[in-house]
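**Student:** First the structure, which I've put down as structure tokens, then a few questions once you've had a look.
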Amino acid sequence: MAKKILITGFLPFDQDPTNPSGDWVNWMVAKSMPHQTKERILRGIVLPVTFQGAFPALKKVCDEFCPDIIVMTGLAKNRKELTVERIGINWVDARIPDNDGVQILSSKIDSEGPDGLFTTVPVEKILDLAKASNTPMKLSTSAGEYVCNDLLYKTLCYTLDKKTSATFIHIPGSDNYDGIYLALESIVNGL
1 MAKKILITGF
11 LPFDQDPTNP
21 SGDWVNWMVA
31 KSMPHQTKER
41 ILRGIVLPVT
51 FQGAFPALKK
61 VCDEFCPDII
71 VMTGLAKNRK
81 ELTVERIGIN
91 WVDARIPDND
101 GVQILSSKID
111 SEGPDGLFTT
121 VPVEKILDLA
131 KASNTPMKLS
141 TSAGEYVCND
151 LLYKTLCYTL
161 DKKTSATFIH
171 IPGSDNYDGI
181 YLALESIVNG
191 L
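Under full-length UniProt numbering, residue 191 is the last one in the sequence shown; the count climbs by one each step, no gaps.
Listed below in structure tokens is the structure:
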């Protein structure tokens, strides 16, 4: 049976004209769709940068596609290399409003949920795949307090009782994303 992999990225936000995470998803889907195999089926979705829209859009695709692995990506402009997240925290404190104009400050995502949930794709495997492709990547213990973390936490809650593994990788700000896209492709292909 083919392994089903869902990759996600985001639309632009914070007045940026593009978002490399969403651009990477579109690039991967265009590149991979003609090459679906018996071993792997890839689907991608570019999500809105909104607290009310990102997770429901991901959940809808998950309910239809039933992925084995979810690889979420987002932009972290101030980071210098790719970072794989270890944990989603039950907390939002948005420094800027989302694309709907909503700014959630100092609030739990789920008032009854655990304080944090660990990602379920082994981070060591992702770091090893990055190293094998000569890609600088670091481990991160904070997906931030914005929509990326909100999506990660909600997705980890959603997959708790499913046979779906989930991870989140932040893409750094860069002038040249070609190498980053190839590295992410290599990581996804290795999962």
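Even glycine gets a Cβ: it sits at the ideal position worked out from N, Cα and C.
How is E124 classed by DSSP in three states: helix, strand or coil?
**Tutor:** Here residue 124 refers to the residue found at position 124 of the sequence shown. Three-state DSSP puts E124 in a helix.
**Student:** Nearest to Y177 by alpha carbon, out of I187, D23, N189 and L6?
**Tutor:** Counting from 1 along the sequence shown, the entry for residue 177 is found at position 177. Among I187, D23, N189 and L6, the Cα nearest to that of Y177 belongs to D23.
**Student:** Can you name the residues that DSSP bridges to M137?
**Tutor:** Taking the sequence shown and counting its residues from 1, one reaches residue 137 at position 137. Partner(s): L82.
**Student:** What are the residues that DSSP puts in a beta bridge with T164?
**Tutor:** Along the sequence shown, one-based indexing puts residue 164 at 164. Answer is none; T164 lacks a bridge partner.
**Student:** Pairs of beta-carbons, one from the segment 159-178 and one from the segment 104-114, closer than 8 Å: are there three or more?
**Tutor:** With fewer than three CB-CB distances shorter than 8 Å, the segment 159-178 does not count as touching the segment 104-114.
**Student:** At what residues does the alpha helix (DSSP H) containing K31 begin and finish?
**Tutor:** The residue labelled residue 31 in the question sits at position 31 within the sequence shown. Where K31 is concerned, the enclosing alpha helix (DSSP H) stretches over P20 to S32.
**Student:** Quick check: the Cα distance between D150 and I104, rounded to an integer number of angstroms?
**Tutor:** As a working mapping, residue 150 is identified with position 150 in the sequence shown. As a working mapping, residue 104 is identified with position 104 in the sequence shown. Distance between the alpha carbons of D150 and I104 is about 11 Å.
**Student:** Between the Cα of K4 and the Cα atoms of P56, N19 and V61, which residue gives the shortest distance?
**Tutor:** By one-based count along the sequence shown, residue 4 stands at place 4. Residue V61 is the option with its Cα nearest to K4.
**Student:** Please classify S107: does DSSP put it in a helix, a strand, or coil?
**Tutor:** Translated into positions along the sequence shown, residue 107 becomes position 107. In this structure, S107 counts as strand in the three-state DSSP scheme.
**Student:** Could you tell me the alpha carbon to alpha carbon distance between Y158 and I70, rounded to whole angstroms?
**Tutor:** Position 158 of the sequence shown, counted from the first residue, corresponds to residue 158. Position 70 of the sequence shown, counted from the first residue, corresponds to residue 70. Pairing Y158 with I70, the inter-Cα distance amounts to about 12 Å.
**Student:** Taking the straight line between their C-alpha atoms, what separation do you get for E39 and A2?
**Tutor:** As a position in the sequence shown, residue 39 is number 39, starting the count at 1. As a position in the sequence shown, residue 2 is number 2, starting the count at 1. The alpha-carbon atoms of E39 and A2 are separated by roughly 4 Å.
**Student:** Given this structure, state the Cα-to-Cα distance separating L58 from L47, to the nearest angstrom.
**Tutor:** By one-based count along the sequence shown, residue 58 stands at place 58. By one-based count along the sequence shown, residue 47 stands at place 47. In a straight line, the C-alpha of L58 is about 7 Å away from that of L47.
**Student:** Using only CA atoms, which one of F13, F10, T83 and L75 lies nearest to P136?
**Tutor:** Counting from one through the sequence shown, the residue named residue 136 turns up at place 136. Nearest of F13, F10, T83 and L75 to P136, Cα basis: T83.
**Student:** Which stretch, first to last residue, makes up the beta strand (DSSP E) that contains K4?
**Tutor:** Translated into the one-based positions of the sequence shown, residue 4 becomes position 4. Per DSSP, K4 belongs to the beta strand (DSSP E) from K3 to F10.
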